[in-house]
Amino acid sequence: MAENNQLNLEDLTEEQLLFRLTRMRQLRLIDQLMQQQLEEQLEEQKKQERIKKKIKVIQEFIVVCYDDLLDDLKWRCQEVLAMVDDYHKECQLRKSQGEPVDEQELEKICTEDVAQGLKEIQLALPDRGALGLDPPAPLPPQIEAITEEVAKEPVVSSDTPSNRPSTKTK
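In this text, residue positions in the sequence shown follow the numbering used here: the first is 10, and each later residue adds one.
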């Protein structure tokens, strides 16, 4: 068979040999290019997988952070409800001690404090939809009612004494 190849090569003209040699080089080059492309594709797939893993870790981190924020929200809501209860208890205590009580003014102060607390909570929470997460669970009915009530009235800062209603009766 080796003799056959030699005979065949000897029978070929210089032009035919050149063509075969060129063709073999082309095939090798094509093979090398295909191999290189395959390696590049594999490397790109590995990069994509690493990126996907990083994205998944980041999403899990965001979910944990958001869950922490929701826990904080629940805790703050409980604080707000406790604040409302404290105002009512203070009102009852003053009444039982015979002090004059202007319930409307106390309620207005309470509402302002609650509204401020709710605004702080809302500012602390990022938009869950923007993070690609499910919407949060609905607020408890008491908080939802307070939020709707507060949204109807403008909020006055309770930090400055001039804005806080007087507790003296007129």
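By construction, the Cβ of each residue, glycine as well, lies at the ideal position given by its N, Cα and C atoms. A quick note: this is a predicted structure, and the numbers were derived from the prediction, not measured.
*Tell whether a beta-carbon distance below 9 Å holds between ASP111 and MET92.*
no
*Range covered by the alpha helix (DSSP H) that runs through VAL66*: 23-105
*Verify whether the separation of the beta carbon atoms of GLU99 and LEU115 is less than 9 Å.*
yes
*Any idea if THR22 is buried or exposed, counting beta-carbon neighbours within 10 angstroms, 16 or more meaning buried?*
Under this definition THR22 is an exposed residue.
*Taking DSSP as the reference, what is the three-state secondary structure of VAL110?*
coil
_In whole angstroms, give me the CA-to-CA distance for GLN54 and VAL72._
Distance between the alpha carbons of GLN54 and VAL72: 27 Å.
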